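Accompanying notes for the structure given below.
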Amino acid sequence: MEIKTTTVPSDQLKPKPKDSELAFGNIFTDHMFMLDYHAGQGWHDPRVVPYGPLVLDPATAVLHYAQEIFEGLKCYRRTDGGLQLFRVRDNFRRMNESARRMCIPELDIDLVVEGLKTLLRVERDWVPGTQGTSLYIRPTIIATEAFLGVRPAAQYLYYVILGPVGAYYKEGFNPIKILVEEKYVRAVRGGVGSTKTGGNYAASLYAAEEAHKKGFTQVLWLDAIERKYVEEVGTMNMLFLIDDELVVPPLGGSILPGITRYTVLDLVREWGGYRVSERHIAIDEVMDAARNGRLKEAFGAGTAAVISPVGWIVYKGEEVEVAGGKTGPLAQKLYDEITSIQYGTKPDVHGWIETV
Ligand SMILES: *Cc1c(COP(=O)(O)O)cnc(C)c1O
């Protein structure tokens, strides 16, 4: 399928921010990628077009019944100026899994990877170069058919927008304090917790706001049935190092299968020296291990922060400190290794990198 490109005249391009001024999610580039779906016709008309508003009928299905999925990944600039993507096909494979669950037609992965690279080549000057910065990529699919009624739509729009984002850790790691959520739940087995679909995040807002009011940056979700086992935090999977065992909650349908999570598991298994267990872990076990000094480290893993050390956990009014409120050696080593591969300062022996 040929990808048509319509560019913005060079005198109408947006000014680009300085790397030092970059935050997350508030600046978007000059162009976007689009692809349409109509039942009977399939995905068609791939194109790069100027970034701009979508015009939607007020009856558009996504606005009422939330038939929507998205992805999140980054484009990195190497020190030689070249651009590269990390495990990009894993993101699109996951997007297709989300699509199946939400009755959205699956994408042709080769086509969307090519479409993304075409967009990135048009926007190459938007990829910041300072260590830790990157160009965030947000592929999205929305149901665009205009009708009221609960059934899968017959029309969809796939689009990709891009925005430069700042270094997550400007002055070194910032271990976070998390609140274990006792009242609200994020997802339940059999539901859509393993799907990157907007409704999951809308459903999490209330508990997150309550936690923010109490001074916490993140909530740690427990399983919805017993309120006993650790699931994950906002947009990160959780890992715990207890003695020499790295414990990772298993993917049971309620947890998002994070690509950073897989990457951590792959690397730690390769390095050896730790027992790696994908198993259920009760919050009581975490708290006990912390009290007894056996919880060596706890950290989140996700594309935005890569590794986010947890310094304090609060559950039922009790606060425990992890690793002295500092970043532990395993979290640091993982962060260094993963970012070195992403920015191309270490060779890619796993076949995780695609150049643009
Ligand atoms: C995206 C996301 C993650 C992390 O996935 P990565 O592929 O590592 O970025 C974890 N949990 C939730 C709920 C997410 O939305």
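Under my numbering, think of the first position of the sequence shown as 29, with each following residue one higher. Note that CB positions come from ideal geometry on N, CA and C, so glycine has one too. Since this is a predicted model, take the numbers as computed values, not measurements.
1) Using the three-state DSSP reduction, which class does Glu346 fall into: helix, strand or coil?
2) Hey, quick one: how far does the alpha helix (DSSP H) through Thr158 stretch, first residue to last?
3) What are the boundary residues of the alpha helix (DSSP H) that includes Leu295?
4) Please identify the residue among Ser368, Arg115, Ala174 and Tyr184 whose C-alpha is closest to the C-alpha of Ile165.
5) Counting only C-beta atoms, is Gly160 closer than 8 Å to chain D at any point?
6) Which residue from Gly227, Glu30 and Thr57 puts its Cα closest to that of Gln40?
7) Report, in whole angstroms, the separation of the C-beta atoms of Arg297 and Ala329, which I expect to be a contact under 8 Å.
8) What distance in whole Å lies between the Cβ atoms of Leu101 and Asn124, which are believed to be in contact at a cut-off of 8 Å?
9) Could you check which residue in Gly243, Gly321 and Val334 has the C-alpha nearest to that of Asp272?
10) State the beta-bridge partners of Tyr184 as determined by DSSP.
11) Give me whichever residues DSSP pairs with Trp340 in a beta bridge.
12) Give the single residue among Val193, Arg179 and Lys32 whose Cα lies nearest to the Cα of Glu142.
13) Which residues does DSSP pair with Met264 in a beta bridge?
14) Run the CB neighbour count on Tyr186, radius 10 Å, all protein chains shown included, and call it buried at 16 or more, exposed below.
15) My output table needs one value for Thr383: the three-state DSSP class, helix, strand or coil.
16) Of the choices Arg105, His308, Ala359 and Ala171, whose alpha-carbon is the least far from that of Glu151?
17) For a test of your reading of the model: does the CB of Gly286 fall under 7 Å from any non-hydrogen atom of ligand 1? Yes or no.
18) Mind pulling the beta strand (DSSP E) runs of 3 or more residues that sit fully within the stretch 83 to 139?
19) Could you tell me how far apart the beta carbons of Ile311 and Thr245 are, in whole angstroms, since I believe they sit closer than 8 Å?
20) Under a three-way DSSP split, which group does Ala195 fall into?
21) Closest by CA to Arg214, which one among Ser368, Ile283, Tyr371 and Gly53?
22) So, with DSSP's three-state summary, where would you put Val150?
23) Using only alpha-carbon positions, find the residue among Phe52, Trp380 and Glu325 that is nearest to Pro357.
24) Just the C-alpha distance for Leu176 and Gln95, rounded to the nearest angstrom, thanks.
25) What would DSSP say about His240, mapped onto helix, strand or coil?
26) When we look at the beta-carbon of Phe201 and count the other beta-carbons within 10 Å, is it buried (16 or more) or exposed?
27) Quick check: Leu250 and Glu209, are their CB atoms within less than 8 Å of each other?
28) Pull up the distance between the alpha-carbon of Gly53 and that of Pro192, whole angstroms please.
29) Can you give the Cα-Cα distance for Tyr93 and Met266, rounded to whole angstroms?
Taking the coordinates as given:
1) strand
2) From DSSP, Thr158 is part of no alpha helix (DSSP H); its letter is neither H nor E.
3) First-last of the alpha helix (DSSP H) with Leu295: Ile287 to Trp299.
4) Ranked by how close their Cα comes to the Cα of Ile165, the residues Ser368, Arg115, Ala174 and Tyr184 have Arg115 in first place.
5) Structure shown: chain D not included; a single protein chain is present.
6) Thr57
7) Between Arg297 and Ala329 a beta carbon distance of about 14 Å is seen, past the 8 Å cut, so the two are scored as non-contacting.
8) With 8 Å as the limit, Asn124 and Leu101 do not qualify as a contact, their Cβ atoms being about 14 Å apart.
9) Check the Cα spacing between Asp272 and each of Gly243, Gly321 and Val334: the tightest is with Gly321.
10) Tyr65 and Ala171
11) Lys205 and Glu349
12) When only C-alpha atoms are compared, the closest one is Lys32.
13) Val261
14) Buried, since its Cβ has 16 or more Cβ neighbours within 10 Å.
15) Strand at Thr383.
16) Arg105
17) yes
18) 96 to 98, 101 to 105 and 111 to 114
19) Incorrect: roughly 18 Å between the Cβ atoms, too far for contact.
20) coil
21) Ile283
22) helix
23) Glu325
24) 12 Å
25) Correct three-state label for His240: helix.
26) With 16 or more other Cβ atoms within 10 Å, it is buried.
27) yes
28) 8 Å
29) 30 Å
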